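See below for the structure under consideration.
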Amino acid sequence: MSRIFSGVKPTGHLTLGNYLGALRRWVEVDQHRADALFSVVDLHALTMEHDPARVRRLSRQAATLLLAVGLDPERCTVFVQSHVGEHTRLSYLLECTAMDGELRRMIQYKEKGAQARAAGQSVRLSLLTYPVLMAADILAYGTDEVPVGEDQTQHVELARDLAVRFNQRYGHTFTVPKATHPTVAARVMDLQDPTSKMGKSHDSGAGIVYLLDDPDQVRRKVMRARTDSGTEVSYDREASPGVANLLEVLAACAGGEPGELAGGYGSYGALKRDVADAVVEVLRPVQKRHAELAADGAYVDGVMREGAARAREMARPRVDAAHAAIGLLPG
Ligand code: AMP
Ligand code: TRP
Numbered sequence: 016m017s018r019i020f021s022g023v024k025p026t027g028h029l030t031l032g033n034y035l036g037a038l039r040r041w042v043e044v045d046q047h048r049a050d051a052l053f054s055v056v057d058l059h060a061l062t063m064e065h066d067p068a069r070v071r072r073l074s075r076q077a078a079t080l081l082l083a084v085g086l087d088p089e090r091c092t093v094f095v096q097s098h099v100g101e102h103t104r105l106s107y108l109l110e111c112t113a114m115d116g117e118l119r120r121m122i123q124y125k126e127k128g129a130q131a132r133a134a135g136q137s138v139r140l141s142l143l144t145y146p147v148l149m150a151a152d153i154l155a156y157g158t159d160e161v162p163v164g165e166d167q168t169q170h171v172e173l174a175r176d177l178a179v180r181f182n183q184r185y186g187h188t189f190t191v192p193k194a195t196h197p198t199v200a201a202r203v204m205d206l207q208d209p210t211s212k213m214g215k216s217h218d219s220g221a222g223i224v225y226l227l228d229d230p231d232q233v234r235r236k237v238m239r240a241r242t243d244s245g246t247e248v249s250y251d252r253e254a255s256p257g258v259a260n261l262l263e264v265l266a267a268c269a270g271g272e273p274g275e276l277a278g279g280y281g282s283y284g285a286l287k288r289d290v291a292d293a294v295v296e297v298l299r300p301v302q303k304r305h306a307e308l309a310a311d312g313a314y315v316d317g318v319m320r321e322g323a324a325r326a327r328e329m330a331r332p333r334v335d336a337a338h339a340a341i342g343l344l345p346g
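Converting from the sequence shown to this note's numbering requires adding 15 to each position, the first position being numbered 1.
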């Protein structure tokens with residue numbers, strides 16, 4: 016059975032982009048067809064200025080939401096990254112395999128580094144080394160597949176390069192993983208700025224639909240989505256990115272192909288109304304289940320604890336092997 020690993024960072028409230036680009040597939044497909052692990056990757060939330068209490072709150076909320084969207088702890092392993100020490104242990108070994116140049120080239124490092132500098136903040140070293148920790152997350156488990164949104168492709172490529180390099184130098188230790196993406200909505204765009212992805216930490220929340228937004232908030236955000244100056248509803252990512260994004264969200268939530276759905280609309284208003292309805296329906300059961308689980312914190316904590324124990328057992332032999340292969344004495 017193939018091994019799957021993926022994760023979500025608790026840097027903000029989870030969004031419709033996270034759901035359509037990643038979470039939904041983990042639930043509907045991945046947990047049924049593979050030996051899968053899904054993690055709240057909290058160490059990755061410390062790479063930019065952060066508030067400790069907020070990270071704690073968001074980590075618990077993300078864990079609760081992973082269960083609320085339908086990850087089943089009987090079928091897959093759900094855990095919090097920092098609870099499993101093997102990730103940081105392996106990360107250091109991979110830092111000794113990676114070159115600084117390849118990390119400086121990462122798009123996300125360049126973008127987020129520039130963002131921090133523009134805000135007058137200095138750039139944390141962990142922002143540079145972050146993709147190495149992500150590679151450790153993946154490689155520790157002998158992962159074959161990493162189901163992620165398209166924004167993560169470059170990071171998974173790095174994990175592949177590091178696996179190949181480590182294996183060549185020190186003997187076969189790691190499986191070489193590959194990224195997989197959903198067929199629609201692999202990149203959900205911000206409703207106010209349809210040329211950038213809908214991300215948790217975008218400055219204003221106006222273009223972001225959060226999984227816990229109530230139906231009125233969803234409707235308001237969708238109805239105010241930026242479209243284009245034209246009036247015709249057509250699916251063209253280049254010429255009409257805003258409309259294309261709405262069509263993709265509609266296709267992902269209610270079925271159909273974005274190009275074909277376009278033909279059914281004479282106005283942007285009608286399209287937006289259908290998108291809003293479709294999104295509200297997708298979120299309804301998730302929010303209901305989230306409310307139930309949030310009222311039972313002890314259950315969620317227990318699932319995370321068991322998940323971490325299982326993950327640790329799965330990671331340890333391979334991380335021990337890497338430790339020995341690179342030249343360290345066994346403890
Ligand atoms: P992150 O929020 O960066 O931790 O991402 C968690 C998962 O959601 C990753 O697989 C991302 O690729 C995916 N993801 C995040 N934002 C989007 C988006 N706007 N569209 C599609 N997938 C996304
Ligand atoms: N970097 C990923 C993101 O921003 C989150 C992540 C961390 C991840 N470690 C991972 C995703 C390992 C897949 C596998 O979305």
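Think of the CB as a built atom: it goes at the ideal place given N, C-alpha and C, for glycine as much as any other residue. For clarity, every value in this text was computed on a predicted model and none was experimentally measured.
Cut-off 7 Å between Cβ atoms - residues of its own chain near residue i, not counting five sequence neighbours on either side
i: residue 252; result: 259
i: residue 274; result: 250
i: residue 45; result: 19, 51, 162
i: residue 101; result: 155, 327, 330, 331, 334
Cβ-based neighbour list, residue i, same chain, cut-off 6 Å, excluding 5 preceding and 5 following
i: residue 158; result: 18, 20, 192
i: residue 15; result: What is shown of the chain runs 16 to 346, which leaves residue 15 out entirely.
i: residue 92; result: 52, 322, 325, 326
i: residue 60; result: 24, 25, 26, 70
i: residue 207; result: 221, 222, 241
i: residue 238; result: 287
i: residue 54; result: 22, 94, 96
i: residue 35; result: 200, 203, 267
Element boundaries [alpha helix (DSSP H), containing residue i]
i: residue 134; result: It is not in any alpha helix (DSSP H) - residue 134 carries neither H nor E in the DSSP assignment.
i: residue 6; result: A query on residue 6 cannot be resolved here, the shown segment of the chain reaching from 16 to 346 and no further.
i: residue 273; result: 273-277
i: residue 50; result: Careful: residue 50 lies outside any alpha helix (DSSP H), inside the beta strand (DSSP E) at 50-55.
i: residue 79; result: 67-83
i: residue 101; result: 101-110
i: residue 165; result: Premise fails: residue 165 is in no alpha helix (DSSP H) and is neither H nor E.
i: residue 264; result: 256-269
Alpha-carbon to alpha-carbon, residue j and residue i
i: residue 280; j: residue 70; result: 42 Å
i: residue 334; j: residue 154; result: 9 Å
i: residue 288; j: residue 261; result: 10 Å
i: residue 84; j: residue 39; result: 7 Å
i: residue 202; j: residue 164; result: 6 Å
i: residue 329; j: residue 156; result: 6 Å
i: residue 351; j: residue 195; result: Past the boundaries of the shown model lies residue 351; the chain is included only from 16 to 346, so the question cannot be answered.
i: residue 276; j: residue 222; result: 22 Å
i: residue 181; j: residue 346; result: 21 Å
i: residue 107; j: residue 118; result: 14 Å
i: residue 16; j: residue 136; result: 45 Å
i: residue 317; j: residue 104; result: 24 Å
i: residue 197; j: residue 32; result: 12 Å
i: residue 199; j: residue 285; result: 21 Å
i: residue 37; j: residue 22; result: 9 Å
i: residue 244; j: residue 291; result: 21 Å
i: residue 47; j: residue 266; result: 23 Å
i: residue 210; j: residue 41; result: 26 Å
i: residue 339; j: residue 297; result: 48 Å
i: residue 58; j: residue 184; result: 28 Å
i: residue 89; j: residue 310; result: 21 Å
Delimiting residues of the beta strand (DSSP E) encompassing residue i
i: residue 201; result: Counting along the chain, residue 201 falls outside any beta strand (DSSP E), and DSSP gives it neither H nor E.
i: residue 22; result: 18-23
i: residue 193; result: 193-195
i: residue 230; result: Not the beta strand (DSSP E): residue 230 falls in the alpha helix (DSSP H), residues 230-238.
i: residue 318; result: Where residue 318 is concerned, there is no enclosing beta strand (DSSP E), although the alpha helix (DSSP H) it sits in stretches over 312-340.
Close beta carbons around residue i, own chain, < 8 Å, minus the five adjacent residues each side
i: residue 308; result: 79, 82, 83, 314, 315
i: residue 295; result: 230, 233, 234
i: residue 190; result: 18, 154, 157, 158, 159, 178
i: residue 360; result: Residue 360 lies beyond the range of the chain shown here (16 to 346); nothing can be said about it.
i: residue 300; result: none
Three Cβ pairs or more, each shorter than 8 Å: is that satisfied between the region 169-178 and the region 111-125? yes
Report yes or no: do the region 302-311 and the region 123-141 share at least 3 C-beta pairs separated by less than 8 Å? no
How do the region 68-83 and the region 142-153 stand: do at least 3 beta-carbon pairs fall below 8 Å, yes or no? no
Please output, in chain order, the residues near ligand 2 using a CB cut-off of less than 6 Å to any non-hydrogen atom of the ligand. 20, 21, 22, 24, 56, 59, 149, 152, 153, 161, 163, 167, 170
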